[in-house]
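With our numbering as the guide, the letters of the sequence shown map in order to residues 27 to 235.
The block underneath contains the structure these notes are about, expressed in structure tokens.
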Amino acid sequence: MEEHQGTSCGTTITLDEPFFVIATQNPIEMEGTFSLPEAQLDRFLFKVFVDYPSAQELSHILRQTTVVDIPSVRTVLPAARAQEWILQARRLVREVLVAGEVEEYVVRLVTATRPGEAGASTPATRWLRYGASPRGAQAMLMGAKVRALVQGRVHVSFEDVDAVLVPALNHRVVLSFEAEAEKRASADILTELTELIRKRDALDRVAHR
């Protein structure tokens, strides 16, 4: 990813901008496969869990895939123009405004995942062996910027940060033995941490009135 190239059967292929990498993980067929090391997982912006489709979604799938007519793909934008727009959008995202309070909120959330550090919360100390890296903070803030822009705003809100918290951090924290034994999910632990940070922030605001 970082080198902008990939190798297949000894042949190196250069990846032109823009490109992105998607990896899938099937919880059923794990035989003969190995999980990526934590340092490699950290390179992915988000980890998104895909559950079973709902009844409505399943009906839509059936209507699309079990009929005579096969959906066709047509070009809606020339490749060169699409490349230009995507690269412009990448630059535009970085211009989305972030208030100091929101940035500090991101810092508090990431720091709270690190057990043993000053300011670390009790859930992190109990449930986590390792907390999120600086890449986690970057992923949260960039993801929040994209969400704000998609919703037509030029500034990041606390809600934007909360919306991307789990996909940005759930693969960047390492569970403790106790968490694995009790089958605790990283998403649940991160949600618990977020609620604790919010309560602390609320108490701090009341204390400073």
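For each residue, glycine too, the CB sits at the ideal point set by N, CA and C.
| Check | Outcome |
| --- | --- |
| Determine which residues share a DSSP beta bridge with H181 and list them. | L123 |
| Is Q66 helix, strand or coil when you go by DSSP? | helix |
| Within the same chain, show all residues whose beta-carbon is closer than 8 angstroms to that of L201, passing over the 5 residues directly before and after it, in chain order. | W153, L154, R155, R210, S212, I215 |
| Return helix, strand or coil for L154, following the three-state DSSP convention. | strand |
| In the DSSP assignment, find the alpha helix (DSSP H) that holds T91 and state where it starts and stops. | 81-91 |
| With distance defined between alpha-carbon atoms, name the residue in A158, Q177, V128 nearest to D227. | V128 |
| Using a Cβ-Cβ cut-off of 6 angstroms (strictly less than) and excluding sequence neighbours within five positions of L71, which residues of its own chain qualify? | A165 |
| Under a three-way DSSP split, which group does I39 fall into? | strand |
| To the nearest angstrom, how far is it from the Cα of M31 to the Cα of H197? | It is worth fixing the name first, because residue 31 is Gln in this sequence and not Met. About 24 angstroms. |
| Suppose you measure from the CA of E43 to the CA of E29; what does that come to, to the nearest Å? | 12 angstroms |
| My understanding is that I223 touches A138, with C-beta atoms under 8 angstroms, so please give their C-beta distance in whole angstroms. | 6 angstroms |
| Check whether the Cβ atoms of L195 and A150 lie closer than 8 angstroms to each other. | no |
| Let me check understanding here. Comparing Cα to Cα, which of E185, V136, Q177 lies closest to R161? | V136 |
| I'd like to confirm the pairing. Which residues does DSSP put opposite L33 in its beta bridges? | Reading off the sequence shown, one finds Thr at residue 33, where the question assumed Leu. Paired residue(s): T38. |
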